[in-house]
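Just so we're aligned, residue 1 is where the sequence shown starts under my numbering, counting upward by one.
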Amino acid sequence: MANSLVEMYRIKDLRKKIFITLGLLVVSRIGAVIPIPGIDPEVLKLFFLSQSSNSNIGLTEYLNFFSGGAFSNFSLFMLGVMPYISTQIIVQLLMLVVPSLKKLSQDPSGHKKIQQYTRYGTIVVCLIQSYVVTIYANSIPGVMTMNIVPFTLIAMLTVTAGSMLLIWIGNKITHWGIGNGISLLIFAGIVARFPQAVSVLFQNISAGVLNPIVVLVVLVMFLVVVALVVYEEQGVRKIPVNYAKRVVGRKMYGAQSTYIPIKVNPSGVIPVIFASALLSFPLQIATTLGQEVRWLATFANWLNPQGAPYLIIYALLIVGFAFFYTQVSMNPVEMAKQIRENGGSVPGVRSEKLEEYLTKVLNRIVLPGSLFLAFIALIPTLVQMFFNFPSSVAMLFGGTSLLILVGVDLDTMRQIEGVMKMHHYDGFNVDGKKRKSKHI
Numbered sequence: 001m002a003n004s005l006v007e008m009y010r011i012k013d014l015r016k017k018i019f020i021t022l023g024l025l026v027v028s029r030i031g032a033v034i035p036i037p038g039i040d041p042e043v044l045k046l047f048f049l050s051q052s053s054n055s056n057i058g059l060t061e062y063l064n065f066f067s068g069g070a071f072s073n074f075s076l077f078m079l080g081v082m083p084y085i086s087t088q089i090i091v092q093l094l095m096l097v098v099p100s101l102k103k104l105s106q107d108p109s110g111h112k113k114i115q116q117y118t119r120y121g122t123i124v125v126c127l128i129q130s131y132v133v134t135i136y137a138n139s140i141p142g143v144m145t146m147n148i149v150p151f152t153l154i155a156m157l158t159v160t161a162g163s164m165l166l167i168w169i170g171n172k173i174t175h176w177g178i179g180n181g182i183s184l185l186i187f188a189g190i191v192a193r194f195p196q197a198v199s200v201l202f203q204n205i206s207a208g209v210l211n212p213i214v215v216l217v218v219l220v221m222f223l224v225v226v227a228l229v230v231y232e233e234q235g236v237r238k239i240p241v242n243y244a245k246r247v248v249g250r251k252m253y254g255a256q257s258t259y260i261p262i263k264v265n266p267s268g269v270i271p272v273i274f275a276s277a278l279l280s281f282p283l284q285i286a287t288t289l290g291q292e293v294r295w296l297a298t299f300a301n302w303l304n305p306q307g308a309p310y311l312i313i314y315a316l317l318i319v320g321f322a323f324f325y326t327q328v329s330m331n332p333v334e335m336a337k338q339i340r341e342n343g344g345s346v347p348g349v350r351s352e353k354l355e356e357y358l359t360k361v362l363n364r365i366v367l368p369g370s371l372f373l374a375f376i377a378l379i380p381t382l383v384q385m386f387f388n389f390p391s392s393v394a395m396l397f398g399g400t401s402l403l404i405l406v407g408v409d410l411d412t413m414r415q416i417e418g419v420m421k422m423h424h425y426d427g428f429n430v431d432g433k434k435r436k437s438k439h440i
């Protein structure tokens, strides 16, 4: 493994990608601590320290989880990339019900149009959420250093611009760096919160709030969960496919046997991120505006992140998005069509039954995988309820954070290994030695 890390930095292209990625991630963390104009950081810090048991703080902790602490700082990147993810969900759902959008998405040149619509929609969502943020700031005594009207306009402009800049950074990481940019931004935010979570954990142990033996048991449980997540992420069902001899132009291609690899969890951490984004948007609005509108306050209390309704809806959304994303990314109809067009067949399955067979296999694989995702995502709340762990510690050391950290880490390592193999290195699985290229 040590040799692999050394060889990784010897490849010029890979080294350049890694440095670009790290540099852009550093920029994203700098923006997370720069407050928006018109906010007194000291007053804000004292407010959160004095109101640690308030329900709004619980929501703040929840939103901090995805923004890496940027929300409680009222920083430029306080909304993170969640507005973009929420808009992506809305656009994907609209593509199912609006035929013109679906047709546009199937056009090779229509993908850019879809991305453009998604960015426009993200701006609208950011403006709505940033306006809600100004109402929340107005409820904190003495935190604003200017009048409400100029503060509202400046805050909406800077927070929206900050989120769009963060999305641009994520896209640049995807194109010029290594890994999925948006996922890496969330990954970096979670990692940045670990030192504070460890500090809170030791403070609670020193104060006698937590039993060290219980903490040790929970940490061992988290390590077991990490191992299970890694094992589940690497699980693959291989569907054998046989291709007959065929003639293409003047060349004849011989018969070959291969397989279609279908992961136990084809969608990765996408369902968890989508479900969290879809719930955080209405929850933030309802909690903030609930001070003035009674029914919104009732709705916010009903949708408490630690309550049963929230947990049930959260689990159902994870399962639903797992099936939805799998059907979009691995369409059985398209897969069957490509197999037939290339003269392939699945042993024991008639050609006209291929779509039905692939759909059945996908459903049987995705269901247990999505239920596993939902169970892991609920662990922080269960730990908080049964072991009295602080919310900041429980959210970072279990459940959603583990899924995101492990999933993004494995995906990034696969991409790094792919680049290393292109340069004739064996990757992380062996000693990382350079192979001699064979010249024909």
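The beta-carbon is built from N, C-alpha and C at its ideal position, and this holds for glycine as well.
- Burial is judged here by how many other beta carbons sit within 10 angstroms of a residue's own beta carbon; K17 has at least 16 and is buried.
- The beta carbon of L127 sits closer than 8 Å to those of M156 and T160, all from its chain and outside the five residues before and after it, given in chain order.
- Taking 8 Å as the cut-off, the beta carbon of I169 is found no closer than this to the beta carbon of S75.
- Counted as a single uninterrupted DSSP element, the beta strand (DSSP E) harbouring K238 occupies residues V236 to Y243.
- T258 carries a strand assignment under DSSP once its states are collapsed to helix, strand and coil.
- Under the three-state reduction of DSSP, G407 is assigned to helix.
- Judged by DSSP secondary structure, N138 falls within the alpha helix (DSSP H) whose first and last residues are G110 to N138.
- By the Cβ criterion, the stretch 33-50 is not in contact with the stretch 198-209, since fewer than three pairs of Cβ atoms, one from each stretch, lie closer than 8 Å.
- The three-state secondary structure of P37, taken from DSSP, is coil.
- Per DSSP, F389 lies in no alpha helix (DSSP H) segment and is marked neither H nor E.
- Under DSSP, S329 shares a beta bridge with no residue.
- Looking at the DSSP output, M95 bridges to nothing.
- G177 is positioned such that its CB atom lies closer than 8 Å to that of I20.
- Secondary structure in the stretch 328-361: the alpha helix (DSSP H) runs of 4 residues or longer, each lying completely within the stretch, are 332-341 in chain order.
- Judged by beta-carbon spacing, F375 lies beyond the 8 Å limit of V383, meaning their Cβ atoms are not closer than that value.
- In this structure S257 is exposed. Its beta-carbon is surrounded by fewer than 16 other beta-carbon atoms within 10 angstroms.
- Residue burial is scored here from C-beta neighbours: R350 has fewer than 16 other C-beta atoms within 10 angstroms and is therefore classed as exposed.
- Judged by DSSP in its simplified three-state form, S72 adopts coil rather than helix or strand.
- Look at M78 here: in three-state DSSP terms it is coil, with no helix or strand label.
- For F372, the number of other beta carbons within 10 angstroms of its own is at least 16, and it is reported as buried.
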